[in-house]
Each structure stands twice: as structure tokens, then as C-alpha cells.
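Engineer: Residue numbers (our numbering): 56 to 222.
1) Just the C-alpha distance for residue 197 and residue 77, rounded to the nearest angstrom, thanks.
2) Taking DSSP as the reference, what is the three-state secondary structure of residue 144?
3) Quick one, are the C-beta atoms of residue 127 and residue 164 less than 9 Å apart?
4) Under 9 Å, do residue 155 and residue 142 count as touching if we go by C-beta distance?
5) For the alpha helix (DSSP H) that residue 94 lies in, which residues bound it at each end?
6) What is the rounded straight-line gap between the Cα of residue 210 and the Cα of residue 111?
7) Classify residue 213: buried if its beta carbon has 16 or more other beta carbons within 10 angstroms, exposed otherwise.
8) For residue 158, which of 81, 183, 218 and 89 has the nearest alpha-carbon?
9) If distances are taken between C-alpha atoms only, which option among 205, 96, 182 and 203 comes closest to residue 62?
10) Are at least three pairs of beta-carbons, each pair with one atom in the segment 96-107 and one in the segment 67-86, less than 8 Å apart?
11) Grab the span of the alpha helix (DSSP H) containing residue 86 for me, first residue to last.
12) Give every residue of the same chain whose Cβ lies closer than 8 Å to the Cβ of residue 216, excluding the five residues on either side of it in the sequence, and list them in chain order.
13) Count the other CB atoms within 10 Å of the CB of residue 122; is the residue buried (16 or more) or exposed (fewer)?
14) Starting from the C-beta of residue 89, find all residues in its chain whose C-beta is less than 7 Å away, skip the five residues before and the five after it, and write them out in chain order.
15) What residues in its chain sit with their C-beta under 6 Å from that of residue 131, if we drop five residues either side in the sequence?
Written as C-alpha cells, this is what we have:
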């Protein structure tokens, strides 16, 4: 795999957090109306995601050291995709909150593996350079997520913003 391919893959893996958090934020008012929920309940969808994302990384590190990066990464990607589809189909606020928490756990696996892969492949100085290039992609994804989410929510609805995460 070439250096550019590695940087692209790392950008996509590290950049998952930006669209996961920012893409659906413009759709929160639609979500609130369609699911007849309060704004604090809608905010809990983000809180559950972020807490599960952060806490899960404590377990994914030792798990990937024990079982390898690939199985943990593949598990995270598959679970994230399934959780994104389940979020899109959520019939209630409670269901959405639960699936967002699962999505956060899966995202934790992917992001943790991306960071570990850099440490596995590169010496510290070269790894830092590779990470800085990959984080440029993350910055770009962060800048584009909310505006794209707003357009998608306006023209296709809130379920489409969550479907985009599966894609």
C-alpha cells in the first residue's frame, strides 16, 4: 500500500467522528418534531454517542493488542454501518439514543485502530508526519459535515443524514 493510500485510509478512519457528530446536527429540529421528543432528549443522542465513543476506547486498545487490529477494525466498521442503518430506521427517541451509543462504541474501535496502526507501521517521527497529513483530511471532513448535513436534511430529511453515515 502506498503512502498516499495509507494517509487516505487513516483520514477516513480518523475522520469518522466529524460526520458522525456534525452531519446530523442540522437535522435535530426535524428529528425532534418527527419523533415528538424534547430538545434535551435530542441532545442525549449526541451525549450517548460521545460517552460511548470515549469510554469504549479504553477496552478497544487492549482488545486489539490481544486479537489484532484487523478483527477489531472490521468489527467496528460493520457495527458502525449497521448502527447507522438502525439509527436511520429508529421509530423512537429511545431507540435512536441506544443505536447512537452503539455507533459510538463502534466508532471508538475504528478510531483507536487507526491510531494504533500508525504506531505499528511507522517510527515515531515518521508516524507523526503521517498523522498530521491524515488529520488534514479530518479537518476537511469537519468543515464540510455540518453544511452537507444541512443540505441533506433540508432536501431529503433527517433519516437521509443518518443514512449517509452508513455510506
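For each residue, glycine too, the CB sits at the ideal point set by N, CA and C.
Structural biologist: Looking at the coordinates:
1) On the chain shown, position 142 is the one that residue 197 refers to. On the chain shown, position 22 is the one that residue 77 refers to. Each residue's alpha carbon lies about 7 Å from the other.
2) To locate residue 144, count along the chain shown from 1; it is residue 89. Looking at residue 144 - three-state DSSP - the assignment turns out to be coil, as it is neither helix nor strand.
3) As a working note, residue 127 is residue 72 in the chain shown. As a working note, residue 164 is residue 109 in the chain shown. Their beta carbons are under 9 Å apart, which means residue 127 touches residue 164 by this criterion.
4) Translated into positions along the chain shown, residue 155 becomes position 100. Translated into positions along the chain shown, residue 142 becomes position 87. Yes, they are a contact pair.
5) By 1-based counting over the chain shown, the position of residue 94 is 39. Residue 94 -> alpha helix (DSSP H) spans 94-122.
6) Locating residue 210 in the chain shown gives position 155, where the first residue counts as 1. Locating residue 111 in the chain shown gives position 56, where the first residue counts as 1. Taking the straight line joining both Cα atoms gives about 34 Å.
7) One-based indexing of the chain shown puts residue 213 at position 158. Buried, by the Cβ-count rule.
8) Looking up residue 158 in the chain shown gives position 103. Taking residue 158 as reference, the option from 81, 183, 218 and 89 with the minimal CA-CA separation is 218.
9) Position 7 of the chain shown, counted from the first residue, corresponds to residue 62. Residue 62 has its Cα closest to that of 182, out of 205, 96, 182 and 203.
10) yes
11) Here the question's residue 86 lines up with position 31 in the chain shown. Counting along the chain, the alpha helix (DSSP H) containing residue 86 begins and ends at 83-89.
12) Position 161 of the chain shown, counted from the first residue, corresponds to residue 216. Hits under 8 Å: 78, 79, 81, 82, 204, 207 and 208.
13) Looking up residue 122 in the chain shown gives position 67. With fewer than 16 other CB atoms across the displayed protein chains lying within 10 angstroms of its CB, residue 122 is exposed.
14) Taking the chain shown and counting its residues from 1, one reaches residue 89 at position 34. So the qualifying residues of the chain are 213.
15) Locating residue 131 in the chain shown gives position 76, counting from the first residue. Closer than 6 Å at Cβ, skipping near neighbours: 161, 164 and 165.
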